[in-house]
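For reference, the structure is listed below as structure tokens.
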Amino acid sequence: MYDVIIIGAGVSGCAVARELSRYEMDVAVLERASDVCEGTSKANSGIVHAGYDAEPGTRKAFLNIRGSKKMEELSRELDFPYKRNGSLVLCFSESDRGKLLELLEKGRKNGVENLRILERDELAELEPNISEQAVAALYAPTGGIVCPFGITIALAENACVNGVEFRLNTEVRKVEKTEGGYRLETSQGVFESRAVVNAAGVYADVFHNMVSGRKISITPRKGEYCLLDKTVGDYVNSTVFQLPTEYGKGVLVTPTVHGNLLLGPTAEDITDKEGVNTTGKGIGDLLERAGLSVKKVPAGKVITSFAGLRAHEAGDDFVIGEAEDAEGFFDVAGIESPGLTCAPAVGEYVAEMVRKRIPAPEKKDFAAKREGIPSVALADRKERQALVEKNPAYANVICRCELVTEGEILDAIHRPLGATTLDGIKRRTRAGMGRCQSGFCAPKTVEILARELGRDMGEICKAGGESRFLTGYSKEG
155 MYDVIIIGAG
165 VSGCAVAREL
175 SRYEMDVAVL
185 ERASDVCEGT
195 SKANSGIVHA
205 GYDAEPGTRK
215 AFLNIRGSKK
225 MEELSRELDF
235 PYKRNGSLVL
245 CFSESDRGKL
255 LELLEKGRKN
265 GVENLRILER
275 DELAELEPNI
285 SEQAVAALYA
295 PTGGIVCPFG
305 ITIALAENAC
315 VNGVEFRLNT
325 EVRKVEKTEG
335 GYRLETSQGV
345 FESRAVVNAA
355 GVYADVFHNM
365 VSGRKISITP
375 RKGEYCLLDK
385 TVGDYVNSTV
395 FQLPTEYGKG
405 VLVTPTVHGN
415 LLLGPTAEDI
425 TDKEGVNTTG
435 KGIGDLLERA
445 GLSVKKVPAG
455 KVITSFAGLR
465 AHEAGDDFVI
475 GEAEDAEGFF
485 DVAGIESPGL
495 TCAPAVGEYV
505 AEMVRKRIPA
515 PEKKDFAAKR
525 EGIPSVALAD
535 RKERQALVEK
545 NPAYANVICR
555 CELVTEGEIL
565 DAIHRPLGAT
575 TLDGIKRRTR
585 AGMGRCQSGF
595 CAPKTVEILA
605 RELGRDMGEI
615 CKAGGESRFL
625 TGYSKEG
């Protein structure tokens, strides 16, 4: 019998887990995938939204501002990449200037600091590659960018170190109310808990509706992206949005914290909760719409495309809180944009609600800080020398595009909640994220994983399940 079981190891679930790990509770996270950050959290824009577009008075507005303000401090505490680069919302017509002013007023009501309107000359000076059609823009200097994998993995590792149990490859199939709490039937047996936190992304409605008569509905909203080479990573300095529509903030153009350029997302409501395929039409529309924001989109520099799903709830606000007719069942549902920004605040908010239901004292030995994997690519000469002296494997380059060494890969495997798949290595070290998209480093990375995990190379997967690289493989050859 656990005190709390969290369904889902995305950024929201891991944020709640980290906050609950501050207290004397037995907490477990059940995740159907082979790693954390395998759902919505791995395929999004990586934007820390300033908070000007959420409707004043909504949970989105409250949690956005709170999460944005906490992000920089949290990035230092848990050692993940974050940068405050500012954001722009472009206006392409004088007739739309009123909408820009509405955003400005919303932002001020929400508490966004230092918002202002830039006219054409100042806008072009700030962003030389901005579209000639842009007549003005809303400028939010508090906007930022973050690594979505980095923050999720950091939260999960810190929660794990502080006692939270992570059960990966554990698919929840049924949740039912019991006299003492909840009973969860999974692919790995039955779990019982006094309380449940439902952070299951696009499947959150499924679990909510198993225990509550007040039904909710989550629509998967697919967004397609293009990632461009680092040679055009400085094409814009700020995150560049277009005036929002009913489907969200529109296609953005932004640098990433790792130096690439990112375009996206599109927005298409679908029925398939696993529908993360990209399409020729989607990518074509994306490139065309990005061309509204900047001059001559460098489409020839695209190194990969991908798609993610946002969990859109019909009420157009986050569904967070204890279900009215299911005591001890806490929803963290409908978490779409700006969900990544809100995660630190969501973790605190939900943890406080859970503690009111299950009082628990604070731990005296809570470890608040976490050290990430050292990056040889970002280290100076002296730091690199120290790493190599500590472990010669830091001198053995495995991924040439991103300059990732064997030492970093070993760290990714052997740290708390270590990587067991190629994608797990990629998200922790960036090995395979460069121009060749793992064409060079994948075989060696698979070999290292097999050696360190004590498995046959034929058992090593790209992303868990049956996604094996080698077929018909045996040690005998």
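When you read off a place in the sequence shown, starting at 1, and then add 154, the result is the number in the working numbering. Quick reminder that beta carbons are idealized off the backbone N, C-alpha and C, glycines included.
- [ ] Decide yes or no for the touch test of the segment 520-530 against the segment 228-244: beta carbon pairs closer than 8 Å, at least 3 of them.
- [x] Contact check between the segment 520-530 and the segment 228-244: three or more CB pairs, one atom from each, fall below 8 Å, which counts as touching.
Open item on the list: Three Cβ pairs or more, each shorter than 8 Å: is that satisfied between the segment 376-388 and the segment 161-171?
Closed with: At 8 Å Cβ cutoff, the stretches do not touch.
Task: Three-state secondary structure (DSSP) of residue 166 - done: Here residue 166 refers to the residue found at position 12 when the sequence shown is read from its first residue. Look at residue 166 here: in three-state DSSP terms it is helix.
Task: Cβ neighbours of residue 313 in the same chain (closer than 7 Å, five flanking residues each side left out) - done: Along the sequence shown, one-based indexing puts residue 313 at 159. By the criterion of a C-beta distance shorter than 7 Å, residue 313 is surrounded in its chain by 168, 171, 172, 175, once the five residues flanking it on both sides are discounted.
Open item on the list: For residue 444 and residue 604, I'd like the C-alpha separation in whole angstroms.
Closed with: Numbered from 1 along the sequence shown, position 290 holds the residue referred to as residue 444. Numbered from 1 along the sequence shown, position 450 holds the residue referred to as residue 604. The alpha-carbon atoms of residue 444 and residue 604 are separated by roughly 42 Å.
TODO: Put residue 548 into one of helix, strand or coil per three-state DSSP.
DONE: Along the sequence shown, one-based indexing puts residue 548 at 394. DSSP places residue 548 in helix when its eight states are reduced to three.
- [ ] Check whether the Cβ atoms of residue 554 and residue 594 sit closer than 7 Å, and answer yes or no.
- [x] Here residue 554 is taken as the residue at index 400 of the sequence shown, counted from 1. Here residue 594 is taken as the residue at index 440 of the sequence shown, counted from 1. For residue 554 and residue 594, yes; Cβs fall inside 7 Å.
Open item on the list: For residue 158 and residue 386, which I take to be in contact (beta-carbon distance under 8 Å), what is that distance rounded to the nearest angstrom?
Closed with: Translated into the one-based positions of the sequence shown, residue 158 becomes position 4. Translated into the one-based positions of the sequence shown, residue 386 becomes position 232. Residue 158 to residue 386, Cβ: 45 Å. No contact.
Task: Residues that residue 496 bridges to, as DSSP identifies them - done: Here residue 496 is taken as the residue at index 342 of the sequence shown, counted from 1. None, per the DSSP bridge assignment.
Open item on the list: Relative to the C-alpha of residue 265, which candidate in 218, 183, 238 has its C-alpha closest?
Closed with: Numbered from its first residue, the sequence shown carries residue 265 at position 111. Nearest option by C-alpha distance: 218.
Open item on the list: Give me, in chain order, the residues of the same chain whose beta-carbon lies closer than 7 Å to that of residue 598; leave out the 5 immediate sequence neighbours on both sides.
Closed with: Taking the sequence shown and counting its residues from 1, the one referred to as residue 598 is at position 444. Hits under 7 Å: 552.
Open item on the list: I want to know whether the segment 446-457 touches the segment 314-323 - three or more CB-CB distances under 8 Å.
Closed with: Contact between the segment 446-457 and the segment 314-323 is absent: fewer than three C-beta pairs spanning the two stretches fall below 8 Å.
Task: Residues near residue 606 in its chain [Cβ-Cβ closer than 8 Å; skip 5 each side] - done: The residue you call residue 606 lines up with position 452 of the sequence shown. Here residue 606 has 564, 567, 568 as same chain residues with Cβ atoms under 8 Å from its own Cβ, once five neighbours each way along the sequence are excluded.
Task: Span separating the alpha-carbon of residue 327 from that of residue 494 - done: Here residue 327 corresponds to residue number 173 of the sequence shown, with the count starting at 1. Here residue 494 corresponds to residue number 340 of the sequence shown, with the count starting at 1. Going by the C-alpha atoms only, they are around 26 Å apart.
Task: Which listed residue (523, 608, 161) has its alpha carbon closest to that of residue 191 - done: Mapped onto the sequence shown, residue 191 falls at position 37. It is 161.
TODO: Tell whether a beta-carbon distance below 7 Å holds between residue 320 and residue 571.
DONE: On the sequence shown, residue 320 is found 166 positions in, with the first residue counted as 1. On the sequence shown, residue 571 is found 417 positions in, with the first residue counted as 1. Cβ distance < 7 Å, so residue 320 and residue 571 count as in contact.
Task: Cross-strand partners of residue 408 (DSSP beta bridge) - done: Along the sequence shown, one-based indexing puts residue 408 at 254. In DSSP, residue 408 forms a bridge with 416.
TODO: Return the residue from the list 163, 298, 286 that minimises the CA-CA distance to residue 223.
DONE: Translated into the one-based positions of the sequence shown, residue 223 becomes position 69. Per the C-alpha coordinates, the member of 163, 298, 286 positioned closest to residue 223 is 298.
Open item on the list: If you reduce the DSSP assignment to three classes, tell me which class residue 390 lands in.
Closed with: Here residue 390 refers to the residue found at position 236 of the sequence shown. In this structure, residue 390 counts as coil in the three-state DSSP scheme.
- [ ] May I ask you to report which of helix, strand or coil DSSP gives residue 596?
- [x] For the purposes of this step, residue 596 is identified with residue 442 of the sequence shown, where counting begins at 1. It is helical.
TODO: Mind checking who residue 236 pairs with in its DSSP beta bridge?
DONE: As a working note, residue 236 is residue 82 in the sequence shown. In the DSSP output, where bridge partners are listed per residue, residue 236 has 300.
Task: N- and C-terminal bounds of the alpha helix (DSSP H) containing residue 568 - done: For the purposes of this step, residue 568 is identified with residue 414 of the sequence shown, where counting begins at 1. Run containing residue 568: 560-568, per the alpha helix (DSSP H) assignment.
Open item on the list: Helix, strand or coil, according to DSSP, for residue 347 in the structure here?
Closed with: As a first step, residue 347 must be located in the sequence shown, where it is residue number 193. Looking at residue 347 - three-state DSSP - the assignment turns out to be strand.
Open item on the list: Quick check on residue 423: buried or exposed, where buried means 16 or more other Cβ atoms within 10 Å of its Cβ?
Closed with: On the sequence shown, position 269 is the one that residue 423 refers to. By the 10 Å Cβ count, residue 423 comes out exposed.
Task: Of the residues 273, 578, 199, 214, the one placed nearest residue 462, counting alpha carbons only - done: The residue labelled residue 462 in the question sits at position 308 within the sequence shown. Cα-wise, what sits closest to residue 462 is 199.
Open item on the list: By the DSSP assignment, the alpha helix (DSSP H) with residue 437 in it spans what residues?
Closed with: Along the sequence shown, one-based indexing puts residue 437 at 283. Counting along the chain, the alpha helix (DSSP H) containing residue 437 begins and ends at 434-444.
Open item on the list: Short of 7 Å in beta carbon distance, which residues of its chain neighbour residue 505, apart from the five on each side in sequence? Order them along the chain.
Closed with: Within the sequence shown, the letter at position 351 stands for residue 505. Excluding the 5 residues flanking it on each side, residue 505 has same chain C-beta neighbours closer than 7 Å at 170, 173, 174, in chain order.
Open item on the list: Using CA atoms only, rank isn't needed, just tell me which of 344, 602, 410, 436 is closest to residue 330.
Closed with: Within the sequence shown, residue 330 is the residue found at index 176, counting from 1. A check of alpha carbon separations from residue 330 across 344, 602, 410, 436 identifies 344 as the nearest.
Task: Residues bridged to residue 184 (per DSSP) - done: Residue mapping note: residue 184 aligns to position 30 of the sequence shown, counting from 1. Under DSSP, the beta-bridge partners assigned to residue 184 are 161, 321.
- [ ] Alpha carbon to alpha carbon, how far is residue 397 from residue 203? Give it in angstroms, no decimals.
- [x] Start at 1 with the first residue of the sequence shown, and residue 203 comes out as number 49. Start at 1 with the first residue of the sequence shown, and residue 397 comes out as number 243. Separation of residue 203 and residue 397 (C-alpha to C-alpha, rounded to the nearest whole angstrom) is 14 Å.
- [ ] Decide if residue 229 is buried, meaning its Cβ has at least 16 other Cβ atoms within 10 Å, or exposed.
- [x] In the sequence shown, residue 229 corresponds to position 75, counting from 1. Buried: at least 16 other Cβ atoms inside 10 Å.
TODO: Determine the DSSP secondary structure at residue 216, reduced to helix, strand or coil.
DONE: Locating residue 216 in the sequence shown gives position 62, where the first residue counts as 1. Correct three-state label for residue 216: helix.
Task: Pairwise C-alpha distance: residue 300 and residue 411 - done: The residue labelled residue 411 in the question sits at position 257 within the sequence shown. The residue labelled residue 300 in the question sits at position 146 within the sequence shown. Computed Cα separation, rounded: 6 Å.
Open item on the list: For residue 202, list the residues DSSP reports as bridge partners.
Closed with: Your numbering for residue 202 matches position 48 in the sequence shown. As computed with DSSP, residue 202 is found in a beta bridge with 298.
Open item on the list: For the beta strand (DSSP E) containing residue 270, name the first residue and the last one.
Closed with: Here residue 270 refers to the residue found at position 116 of the sequence shown. Counting along the chain, the unbroken beta strand (DSSP E) around residue 270 starts and ends at 270-273.
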